[in-house]
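Reviewing the structure listed below.
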């Protein structure tokens, strides 16, 4: 759990001028962590501030950041140390970057010159399905009377997903080959005809629990290092065919894109809101007073598309989804507690996906499978889309907003779909 | 693909006397790889030979093994180098340990004094369901007319499973807590009442394919580093409740046990047999002439139980399952090719589980869920078992046998079930 403190103060400004621009994702109240490199140099940890990156390795070398973990080439060591270490780092970085402190422009790298990397090697990736509206909309096709998974109201439904194919925002995706049965019963193997996105929140894990040792709800919040955006690229024709009864496999392991910046749990303290009421109430192992009052986060999330024609026309990405993370039926803390309830060891650097963040509004359908239930989308230039086409780029953005707090952003999670390869001979 | 060569010769003996004892798992024709340590020393790679372990680090230091990867503290580097490297290592080790070579007892450690470790950090773990008989038996309860998963005859059905909880043989398992719905509709959270084993073959991956690059059937065999035993501990009450529609999650992530010794693909060359006929024929991306003629392996596998009372009575483990790996509907090569067919990157050190190796015989039911379809098992001392009880130990063994070849064994994969912990306050 994180407390609201002086690092969140409305009046706080930075000596980095771009961090004070209204609408920036990265004011001094945010301070998200990532891993970057510049020409030829090794990857190192950094903090996003306005349109700059604070080089944490250099800041550590200058004696302005005390924890050697900040000088590592990934966020793994800091994640292993856990929330106390990341909170202490935040306090130091906030002091270093705030107005009144000496301007240390020598420690800054322009974001435009930084290449971003995965924050850490993803150890394990588990993907949840925590949105009532996502399940209800898509489940109606399967069973109009019982659209929800049987356990949906009792536990955060999830599956183990693929860690090796998690990639950082900006890397292109290749249209995959796959197998499915055509409606006439014949079998087909070839490039997918139903490529989709799923707009999700990424939850990065701090610290380890030993195998056999559950994580009770009282300590689950402290296992959350931070949050990011996650595109759970989905291959619908493959998925429908392969799923029964063991769940999605190749429909999900093509690639998973995550945003480069991790917004820490500390930065999000001002945006904690009550979790949605649950009926029936959750079993005790998934319930806590803190979770009921603070377990959800007021984050608005969008997914947009930029087609090749839109790009050539100089158009901005068109928003397909505009949704609220706070509406999810299960919170991140319940995901952690449930996941470890059988003694499964969650490791620092593990990644959880929240599942598609759909809401009740028609504009809050967070994947094309849902949007397409009412037909193809028509874009402003007249193009239509039922599924993602070659060359289309999908762009996620998100922003935490709450009364009395400086809004903070998540940066982007974007990826373009490249055409399928020729199948190897 | 591996060729049968002089390392497999029937007449070949070792200067390690125990390797020449009929019935040993580890004659000089086997040479399985593992990671071991002795009092206080760091883990290092070794080769099982009779009742001894050849210390590969020491052998490399003595100039008898050329590849520095053999001197690493895990098999990861050798797996990364791939099959050419492991084949070259086999040739050197075979020459070093064969009769006629100088006796280098200084390079041996008694197996009884060696503590075994995981062969490498498991990067990703995917579990298949490739036995027709396992699916048919258990599927009948769900749908007597269509017991098989809809895609079963078209692709090797699989799910992403949990890498962090993969453990080496010998480590105890803790009875997990879990949630399920009672038959009267009430919800329950507590220690499982239906703990099961699944007797599977482990397939360890060699080399990497880049994301977006499939592995065609022509190169799939060369991505298989070797084989071992795998107990996919399963929590049936939890699994039944949580599975629809995303598949098993906490029912499978409690622990997965693997045998300590990896029998290399090279060692298994004499035991290659034709894959079972498939109807309908597999799609071309899952078919090759080599797979049809050589894709299966003649390995007999057993699962046995040792209860606390049996232990106190000095009884031997009682065999519950006696089955043949060669009967699996899908081969390991098709698992590799299917897994990578969407461009998913398989990494050196990844682990595949074959799925429960059940056969058509009543004695070849390879988990208690199947065995229990005809009631609880009665053990020789009169005890009965529907599910695994506290203190029970499950012991897997396996042996490759073929005409004209020296039989080779897999060692053991064993684990005892400890009682559930008190739920943390």
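Protein chains in written order, with UniProt numbering: chain A, 1 to 425; chain B, 1 to 425.
Glycine included, every Cβ here is placed at the ideal spot set by N, Cα and C.
1. On the DSSP bridge assignment, give the partners of residue 45/B in chain order.
2. Tell me which same chain residues have a C-beta within less than 7 angstroms of the C-beta of residue 348/A, skipping the five on either side of it?
3. Check whether the Cβ atoms of residue 140/A and residue 55/A lie closer than 8 angstroms to each other.
4. Could you tell me whether the Cβ of residue 362/A comes closer than 8 angstroms to any Cβ of chain B?
5. Counting only C-beta atoms, is residue 29/B closer than 8 angstroms to chain A at any point?
6. Give the DSSP-derived three-state secondary structure of residue 79/B in the structure shown.
7. Where does the unbroken alpha helix (DSSP H) through residue 293/A begin, and where does it stop?
8. Compare the C-alpha of residue 416/A against each of 398/A, 388/A, 403/A, 122/A and name the closest.
9. I need the DSSP call for residue 344/A, collapsed to helix, strand or coil.
10. Measure the alpha-carbon distance for residue 256/A versus residue 198/A and round it to whole angstroms.
11. Do residue 129/A and residue 260/A have their C-beta atoms within less than 8 angstroms of each other?
12. CA-CA distance, residue 178/B and residue 104/A?
13. For a test of the three-state rule: what should DSSP assign to residue 258/B, helix, strand or coil?
14. Using only the alpha-carbon positions, how far apart do residue 153/A and residue 278/A sit?
15. If we ignore side chains and look at the alpha-carbon of each, how far apart do residue 60/B and residue 100/B end up?
16. For residue 77/B, go through chain A and note every residue whose CB falls closer than 7 angstroms to its CB, in chain order.
17. Would you identify the three-state DSSP class for residue 201/A, choosing helix, strand or coil?
18. Report, in whole angstroms, the separation of the C-beta atoms of residue 119/B and residue 34/B, which I expect to be a contact under 8 angstroms.
19. For residue 217/A versus residue 337/A, is the C-beta distance shorter than 8 angstroms?
20. If you draw a straight line from the alpha carbon of residue 290/A to that of residue 368/B, how long is it in whole angstroms?
21. Below 7 angstroms CB to CB, which residues in the same chain sit around residue 214/A once its five sequence neighbours on both sides are set aside?
22. For the stretch 129–153 of chain A, list every residue whose C-beta sits within 7 angstroms of some C-beta in chain B, in sequence order.
23. Decide if residue 182/A is buried, meaning its Cβ has at least 16 other Cβ atoms within 10 Å, or exposed.
24. For residue 125/B, which of 159/A, 114/A, 155/A has the nearest alpha-carbon?
25. Across the stretch 263–273 of chain B and the stretch 219–234 of chain B, are there enough close Cβ pairs to call them in contact, namely three or more that are closer than 8 angstroms?
26. So, residue 304/B versus residue 284/B, is the Cβ gap smaller than 8 angstroms?
27. Along the chain, where does the beta strand (DSSP E) that runs through residue 116/A open and close?
28. How many angstroms separate the CA atom of residue 386/A from the CA atom of residue 350/A?
29. Let me know if residue 364/A comes out buried or exposed under the rule of 16 or more other beta-carbons within 10 Å of its beta-carbon.
30. Confirm, please, whether the CB-CB distance from residue 398/B to residue 258/B is below 8 angstroms.
31. For a contact meaning CB atoms closer than 7 angstroms, what does residue 179/A contact in chain B?
32. Going by alpha carbons, who is nearest to residue 106/A out of 53/A, 121/A, 157/A?
33. Given this structure, state the Cα-to-Cα distance separating residue 41/B from residue 72/B, to the nearest angstrom.
34. For a quick check, are the C-beta atoms of residue 127/B and residue 232/B less than 8 angstroms apart?
35. Counting only the same chain and skipping the five closest in sequence on each side, list residues whose C-beta sits under 7 angstroms from that of residue 378/B.
36. Could you check what DSSP says for residue 209/B in three-state terms: helix, strand or coil?
So, from the listed chains and residues:
1. Answer by DSSP bridge pairing, in chain order: 35/B.
2. Only 76, 79, 80, 205, 206, 207, 208 meet the Cβ criterion.
3. No.
4. False, the Cβ-Cβ gap to chain B never drops below 8 angstroms.
5. Not flagged as an interface residue toward chain A: residue 29/B, since no C-beta distance is shorter than 8 angstroms.
6. DSSP, reduced to helix, strand and coil, places residue 79/B within a helical segment of the structure shown.
7. Boundaries of the alpha helix (DSSP H) harbouring residue 293/A: 289–294, taken from the DSSP string.
8. Ranking 398/A, 388/A, 403/A, 122/A by Cα distance to residue 416/A puts 388/A first.
9. If DSSP states are grouped into helix, strand and coil, residue 344/A belongs with coil.
10. For residue 256/A and residue 198/A, the distance between alpha carbons rounds to 10 angstroms.
11. Against a cut-off of 8 angstroms, the Cβ pair of residue 260/A and residue 129/A comes out as no contact.
12. In this structure, the alpha-carbon of residue 178/B lies about 53 angstroms from that of residue 104/A.
13. Strand.
14. If you take the alpha carbons of residue 153/A and residue 278/A, they lie about 8 angstroms apart.
15. Distance between the alpha carbons of residue 60/B and residue 100/B: 20 angstroms.
16. Going along chain A, no residue has its Cβ under 7 angstroms from residue 77/B, so there is no contact; the nearest lies around 17 angstroms.
17. Residue 201/A carries a strand assignment under DSSP once its states are collapsed to helix, strand and coil.
18. Contact flag correct, Cβ pair sits at about 6 angstroms.
19. For residue 217/A and residue 337/A, yes; Cβs fall inside 8 angstroms.
20. Approximately 41 angstroms, taken between the alpha carbons.
21. Same-chain partners within the cutoff: 340, 341, 343.
22. From the stretch 129–153 of chain A, only 129, 149, 150, 151 have a Cβ closer than 7 angstroms to chain B.
23. Label assigned to residue 182/A: exposed.
24. For the residues 159/A, 114/A, 155/A, the minimum Cα distance to residue 125/B belongs to 159/A.
25. Judged by Cβ distances under 8 angstroms, the stretch 263–273 of chain B makes contact with the stretch 219–234 of chain B, as three or more pairs qualify.
26. Contact annotation: residue 304/B and residue 284/B have beta-carbon atoms that are not nearer than 8 angstroms.
27. 115–117 is the span of the beta strand (DSSP E), which, as asked, contains residue 116/A.
28. In this structure, the CA atom of residue 386/A is about 33 angstroms from the CA atom of residue 350/A.
29. With 16 or more Cβ atoms within 10 Å of its Cβ, residue 364/A is classed as buried.
30. Between residue 258/B and residue 398/B, the C-beta spacing is not below 8 angstroms.
31. Under the 7 angstroms cutoff, chain B gives 154, 155, 283.
32. With respect to the C-alpha of residue 106/A, the residue from 53/A, 121/A, 157/A having the closest C-alpha is 53/A.
33. So the two alpha carbons sit approximately 13 angstroms from each other.
34. Remark: C-beta atoms of residue 127/B and residue 232/B approach each other more closely than 8 angstroms.
35. Within its own chain, the residues whose Cβ lies closer than 7 angstroms to the Cβ of residue 378/B, once the five positions on either side in sequence are excluded, are 384, listed in chain order.
36. Residue 209/B: coil per DSSP, three-state reduction.
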